[in-house]
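Take a look at the structure below.
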Amino acid sequence: MKLKIWGARGSIPAPGPETTRYGGNTSCVEVRLSDGSLLVLDAGTGIRNLGLALGREDAERVNVLLTHLHLDHIQGLMFFTPLFNPNAEVVIWGPSSPEASLRERIGRYISAPLAPLEVRELPCHLSFRDSPTSDWQIGPARISAASVTHRGPTLAYRITDGDTSLCYIPDHEPAVGASIEELDPEWLSGYDLACGASLLLHDCQYRDDEYPGHVGWGHSGMSDALAFAARTEVERALLFHHDPLHTDSELDQLYEQALERWTDLGCSTRPLEMAKERQELTIAAPAPV
Ligand SMILES: [Zn+2]
Ligand SMILES: [Zn+2]
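In the numbering used here, the protein residues as written are 2 to 290.
Below, the structure is given as structure tokens:
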């Protein structure tokens with residue numbers, strides 16, 4: 002599997018000279034499966050640049066997996082070029098809600114007065130599907146979805162392709178102020194989904210000194226993000242969903258602190274990185290033993 006980060010920011014786009022290295026676009030990750038097919042994780046503002054970079058063939062079949070419908074995860078959808086390609090087939094997966102269908106809920110954004118067009122006017126072949134509660138297949142990948150602790154119906158995804166697995170949990174407050182180290186796995190949101198993943202992308206919105214003022218907001222402080230990655234014994238972790246207030250130099254400092262904490266947790270042999278816009282990653286199959 003190959004990944005490209007098109008948006009690593011949380012909450013709201015944060016463009017400007019202070020955020021050029023980590024990027025200002027909100028959540029969007031391109032995933033290339035082993036057969037070359039395209040999966041897109043979330044449709045934050047980063048998806049606009051992904052759409053512009055796609056070749057014509059890529060644009061013809063796209064699966065988009067939405068974790069939830071907060072604006073920072075859907076805002077780019079209306080500017081995603083395949084939606085305007087009459088030959089493209091786009092499937093949008095997302096969390097179900099008793100309140101309204103996925104199509105209706107997304108239509109609240111892609112409709113007047115917030116948008117100049119309606120969902121029915123998009124020229125591509127567009128379908129909306131509730132992400133199933135049991136595993137399903139997209140191309141060579143097995144997809145699992147699970148509800149995680151955030152505000153409103155929110156999913157996380159695990160994508161397994163051959164011997165490699167990617168777990169994507171961009172918005173997550175796993176312990177809501179409790180100790181992640183002490184919770185039983187069955188009480189730890191996202192545990193089963195993330196356990197042993199080749200790569201975990203996880204919410205790291207706050208510095209530890211910021212988190213106490215934001216308990217219950219649905220996001221993780223740095224130490225909680227790392228404690229979750231350590232508890233789930235992932236092989237590699239990428240810290241994601243950066244706070245819009247955090248500048249490049251502040252994120253550099255946060256990364257230094259995270260590396261120290263990661264070592265304290267006994268995980269220094271496992272790669273830990275900060276997600277950066279346009280960063281490309283390859284998830285390799287484990288070496289034979
Ligand atoms: Zn978010
Ligand atoms: Zn959110």
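Virtual Cβ for every residue (Gly too), placed ideally from N, Cα, C.
- prompt: At what residues does the alpha helix (DSSP H) containing phenylalanine 229 begin and finish?
  reply: Translated into positions along the sequence shown, residue 229 becomes position 228. Element bounds for phenylalanine 229: 223-232.
task: Please work out which residues of its chain come closer than 8 angstroms, Cβ to Cβ, to glutamate 119, disregarding the five sequence neighbours upstream and downstream, and give them in chain order.
output: Stepping through the sequence shown from its first residue, residue 119 is reached at position 118. Contacts found: Gly108, Ile111, Ser112, Ala113.
field: Exposed unless 16 or more other CB atoms sit within 10 angstroms - verdict on asparagine 86
entry: Position 85 of the sequence shown, counting from 1, holds the residue named residue 86. Its Cβ being crowded by 16 or more others within 10 Å, asparagine 86 is buried.
task: Can you have a look at glutamine 138 and say buried or exposed, based on whether 16 or more other CB atoms are within 10 angstroms of its CB?
output: Within the sequence shown, residue 138 is the residue found at index 137, counting from 1. Glutamine 138 comes out exposed.
- prompt: Is glycine 153 near ligand 1, in the sense that its beta carbon is under 6 angstroms from a heavy atom of that ligand?
  reply: Translated into positions along the sequence shown, residue 153 becomes position 152. Not under cutoff, so the answer is no.
- prompt: What's the C-alpha gap between histidine 74 and alanine 44?
  reply: Sequence index remark: in the sequence shown, residue 74 carries index 73 (1-based). Sequence index remark: in the sequence shown, residue 44 carries index 43 (1-based). So the alpha carbons of these two residues sit roughly 5 angstroms apart.
- prompt: Taking the C-alpha atoms as reference points, what is the distance between glycine 267 and arginine 106?
  reply: For this step, residue 267 is matched to residue 266 along the sequence shown. For this step, residue 106 is matched to residue 105 along the sequence shown. Taking the straight line joining both Cα atoms gives about 43 angstroms.
Glycine 8 burial status per 10 Å Cβ neighbour count (16 or more: buried): Within the sequence shown, residue 8 is the residue found at index 7, counting from 1. The residue is buried, with at least 16 neighbouring Cβ atoms inside 10 Å.
message: Just list the residues that DSSP pairs alanine 142 with in beta bridges.
response: Position 141 of the sequence shown, counting from 1, holds the residue named residue 142. Its beta-bridge partners are Ile139.
Closer than 6 angstroms: aspartate 43 CB and nearest ligand 2 heavy atom: Working through the sequence shown from its first residue, we reach residue 43 at position 42. False, no ligand heavy atom lies under 6 angstroms from that Cβ.
- prompt: With a cut-off of 8 angstroms, do at least 3 Cβ pairs link the stretch 179-186 to the stretch 143-161?
  reply: no
query: Would the C-beta of glycine 219 count as close to ligand 1, meaning under 6 angstroms from any of its heavy atoms?
result: Numbered from its first residue, the sequence shown carries residue 219 at position 218. False, no ligand heavy atom lies under 6 angstroms from that Cβ.
- prompt: Taking Cβ positions only, does proline 245 come closer than 7 angstroms to chain D?
  reply: The structure shown contains no chain D; it holds only a single protein chain.
- request: Report all residues from its chain with a CB closer than 6 angstroms to the CB of isoleucine 93; omit the five preceding and five following residues, and keep chain order.
  value: Here residue 93 corresponds to residue number 92 of the sequence shown, with the count starting at 1. Answer for isoleucine 93: Val65, Phe129, listed in chain order.
- request: Please report how far the alpha carbon of leucine 39 lies from the alpha carbon of glutamate 58, in whole angstroms.
  value: Taking the first residue of the sequence shown as position 1, residue 39 is located at position 38. Taking the first residue of the sequence shown as position 1, residue 58 is located at position 57. Between leucine 39 and glutamate 58, the C-alpha separation is close to 11 angstroms.
message: Let me check understanding here. Comparing Cα to Cα, which of Ile6, Gly214, Pro16, Leu201 lies closest to glycine 178?
response: Here the question's residue 178 lines up with position 177 in the sequence shown. Answer by Cα proximity: Gly214.
field: Anticipated Cβ contact below 8 angstroms, alanine 198 with serine 166, distance rounded
entry: Walking along the sequence shown from the start, residue 198 turns up at place 197. Walking along the sequence shown from the start, residue 166 turns up at place 165. About 5 angstroms; that satisfies the 8 angstroms criterion.
- prompt: Where serine 98 and arginine 152 are concerned, what is the direct C-alpha to C-alpha distance, given to the nearest angstrom?
  reply: Here the question's residue 98 lines up with position 97 in the sequence shown. Here the question's residue 152 lines up with position 151 in the sequence shown. So the two alpha carbons sit approximately 13 angstroms from each other.
- prompt: How should threonine 134 be labelled, buried or exposed, when 16 other C-beta atoms within 10 angstroms of its C-beta is the threshold for buried?
  reply: Here residue 134 refers to the residue found at position 133 when the sequence shown is read from its first residue. Answer is exposed; the Cβ neighbour count stays below 16.
message: List, from N- to C-terminal side, the alpha helix (DSSP H) runs of 4 residues or more that fit wholly inside the stretch 6-79.
response: 47-54, 72-75
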